[in-house]
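Everything below concerns the one structure shown next.
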Amino acid sequence: MEQFAKKLRDLFRHKKAIGWDDIFLLKIGRHFRFGKNKVIVGRNQLENQMIQEKKLEMDYIFEVPDCGSPFTLLQGPKTKKAVEMAARITARYSDNKDKVVLVKYGRNRPVKKILVTPAEQSEVDRLNLTL
């Protein structure tokens, strides 16, 4: 319950117009915040499906192709830095253990590509809303 409360406080702090889908998304995935951006990473196939269903038109979806990969949702400004960080977090939680990982992303379907190094554990710990 404490983790949900942390995510709820973050939602109220950073979003003015809150809908039911925003509340629903608090119940699934790993949640990260950097600047004006929020990233939600699915932990299993069901959460990946829910992320796809609940994403807004302006949100981006990320995944690592051809391996076990979470779906990651990027909310907020889609700056180059934000896209790279979301891709690095996605790579971190994928089954791909290469030093450089190809991540696909996009609005409706992941069609754009970016090569990234997976985020370090210390980075994801620092950005994690529930730690």
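Basically our numbering = 1-based index in the sequence shown + 7.
The beta carbon of each residue, even a glycine, is placed where N, CA and C say it ideally should be.
Sequence-distant residues of its chain with Cβ nearer than 6 Å to residue i (five each side left out)
i: Pro72; result: Lys111
i: Ile121; result: Ala94 and Val110
Sub-7 Å separation of residue i and residue j beta-carbons
i: Leu161; j: Lys14; result: Outside the displayed span of the chain (8 to 138) sits residue 161, for which this structure offers no information.
i: Lys43; j: Pro77; result: no
i: Val123; j: Ala98; result: yes
i: Leu81; j: Ile58; result: no
i: Asp17; j: Lys61; result: no
i: Gly75; j: Asp105; result: no
i: Val48; j: Tyr100; result: yes
Local Cβ density within 10 Å of residue i, reported as buried at 16 or more and exposed below that
i: Gln10; result: exposed
i: Val131; result: buried
i: Ile35; result: buried
i: Glu127; result: exposed
i: Ile25; result: exposed
i: Ile30; result: exposed
i: Val107; result: exposed
i: Asn55; result: buried
Whole-number beta carbon distance between residue j and residue i, since they are thought to touch under 8 Å
i: Thr1; j: His38; result: Outside the shown range of the chain (8 to 138) lies residue 1, about which nothing can therefore be said.
Sequence-distant residues of the same chain with beta carbon closer than 8 Å to residue i, five excluded per side
i: Asn135; result: Arg37, His38 and Phe39
Other residues of its chain near residue i: CB distance less than 7 Å, five sequence neighbours each side excluded
i: Met92; result: Phe41
i: Pro117; result: Ile68, Phe69, Glu70 and Lys111
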